[in-house]
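Visitor: What the sequence shown shows, in the numbering used here, is residues 930 to 1301, in sequence order. The beta-carbon is built from N, C-alpha and C at its ideal position, and this holds for glycine as well. Right, I'll just put the structure down here and ask away after.
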Amino acid sequence: MLLCAVALIVLGQTGCGREPVYSQETPDDVVASLVEMVRTGQARRIDDLIYADSPQMREVLHHVGELLGQLQGLAAAVHRKFPEDVARLRAEAAEAARTGQVRGLSLAFGAGGGRARGRGGRGGDGEERFKEMVAALLADPYGWIETGAERLGTMRLSDDLAAVTLDGTPVFPPVGITLRSDGVKWYIALPTNLPGVAQRMPQTDAEWKIIGSMVKVLRQTVKELTDDVERGNVTGINQLADRAGEKVIWPALMTWVAYQNELDARRRRDRMTRQFDQRHRAWVEAAAASGWEAPRLLSGPVRALASGEIERLSRRNKRPNFERMTDEEFAAFVEGLLKEGGLGVSLSREASPREIGAAVSKWEAERGSTGP
């Protein structure tokens, strides 16, 4: 089935110099398209097959696609310069897969897994194993596709969900590699909903920019490594892996710190938002119970302006505690919030509800809003 799908994709590529069209009509088509992209040197197009939840994610995936293409170029350079090393790594990967030491699609990591387990059964030195894995990845990032294409397939789980299989069994259990349909095309679905992953997935523009910046750093690193190989600045795959680690470790560390700071800011922002919403609701209800209508009339503008102010406050060392504010303190905060947002109204009990309502209507009209 998979070979037939690949053949159809190849036959559908007409016109010299044109970008080939890769089918995503069925789950099998997606796997076949992935295989064909690798076989024809089009790994940079792999991101087209991955589902994006947002425009920000799609932009980052585009950079990931460029990275995957550059990895393919680096591998080609390594094959030309160090054919014996590549042959050795592939033989070790095949042996590890044959003996069951490496499962699923991890054939590219077979060198590290196979040798490490052979050293007295203790798993070997962790740093050395990681270095071997990096070396195998740089030298043959898509070897598992080329050598295992005929063994790959898919299994329907529902009308809009499928799993990638190897010899009829889902790969990487229990997580697996899943495919999902958006009603028009099928895509590879990243495991973004897994516990622990969903909470750390980027949500804001700032968070996506940090991830995008790291991908760009990796792209530049792969470009430099390719230049090193072409110019003879490295003597073998192991030295290449060492150089990759040297180039990546500090940018990766800085990215982790920056992203962790953004996640901390997100947690503070979410906590402050919940506190503000609860305090605002209690304030409005208490005011309404006492016959004071101004808080209720201003609820729409307050909600519209609060998110931006809370975003700013969440990044300060000293932040207001809405839960502990008295009604007077909270009213003063809201009045300042409205003033900063261009709605200068008084929150004294003497303020006319009619005047406040008119001011709100004018403010909403100027903002192009239809109101809450």
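Three-state secondary structure (DSSP) at Ser1275?
Guide: The answer is coil: DSSP assigns Ser1275 none of H, G, I, E or B.
Visitor: Could you give the C-beta distance for Glu1075 and Val967, rounded to a whole number, given that I count them as a contact under 8 Å?
Guide: Rounded, the Cβ-Cβ distance is 7 Å, consistent with contact.
Visitor: Suppose you measure from the CA of Asp976 to the CA of Gly998; what does that come to, to the nearest Å?
Guide: For Asp976 and Gly998, the distance between alpha carbons rounds to 10 Å.
Visitor: Whole angstroms is fine: what's the gap from Arg1017's alpha carbon to Leu1086's?
Guide: About 38 Å.
Visitor: Three or more C-beta pairs closer than 8 Å, one from the stretch 1164-1182 and one from the stretch 1215-1223: is that the case here?
Guide: Segments in contact, no.
Visitor: Would DSSP call Ile1117 helix, strand or coil?
Guide: Note: Ile1117 maps to strand in three-state DSSP.
Visitor: For Ala1235 and chain C, any beta-carbon pair shorter than 8 Å?
Guide: The question asks about chain C, but that chain is absent: this structure has only one protein chain.
Visitor: Is Leu1227 helix, strand or coil by DSSP?
Guide: Three-state DSSP puts Leu1227 in coil, outside helix and strand.
Visitor: Rounded to whole angstroms, what's the CA-CA distance from Glu1056 to Ile1166? Just pull it up for me.
Guide: Those two C-alpha atoms are separated by around 16 Å.
Visitor: Could you spell out where the beta strand (DSSP E) holding Met1084 opens and where it closes?
Guide: Start and end: 1081-1087.
Visitor: To the nearest whole angstrom, what separates the beta carbons of Trp1073 and Asp958, a pair I think is in contact under 8 Å?
Guide: At roughly 20 Å, the Cβ-Cβ gap does not stay under 8 Å, so Trp1073 and Asp958 are not in contact.
Visitor: What's the call for Ile1106, buried or exposed, on a 16-neighbour Cβ count within 10 Å?
Guide: By the 10 Å Cβ count, Ile1106 comes out buried.
Visitor: Taking the continuous alpha helix (DSSP H) assigned at Thr1150, which residues delimit it?
Guide: Start and end: 1134-1159.
Visitor: Output the boundary residues of the alpha helix (DSSP H) element that contains Val1263.
Guide: Run containing Val1263: 1256-1269, per the alpha helix (DSSP H) assignment.
Visitor: Residues in its own chain within less than 6 Å of Ala1288 by CB, not counting five upstream and five downstream?
Guide: Cβ within range, chain order: Val1274.
Visitor: Under 8 Å by Cβ, that's how I've got Ala1064 and Leu1169 pegged, so tell me the actual separation to the nearest angstrom.
Guide: 7 Å between Cβ atoms; contact.
Visitor: If you count every other CB in all the chains shown that lies within 10 Å of the CB of Gln1207, and 16 or more means buried, which is it?
Guide: Result: exposed.
Visitor: Note down the Cα distance separating Asp1088 from Leu1154, rounded to an integer number of angstroms.
Guide: So the two alpha carbons sit approximately 44 Å from each other.
Visitor: Is there contact here, the stretch 1180-1195 with the stretch 1141-1157, by at least three beta-carbon pairs under 8 Å?
Guide: The answer is yes - the stretch 1141-1157 touches the stretch 1180-1195, with three or more Cβ pairs under 8 Å.
Visitor: Buried or exposed for Val1093, going by 16 or more other Cβ atoms inside 10 Å?
Guide: When all chains shown are included, Val1093 counts as buried.
Visitor: Cutting at 7 Å between CB atoms, please list the residues of its own chain near Gly1271, excluding the five before and the five after it.
Guide: These residues qualify, in order along the chain: Trp1292.
Visitor: So for Arg1198, helix, strand or coil by DSSP?
Guide: The answer is helix: DSSP assigns Arg1198 an H, G or I state.
Visitor: Arg1244: which of Val1213, Met1201, Arg1225 sits nearest, CA to CA?
Guide: Nearest option by C-alpha distance: Met1201.
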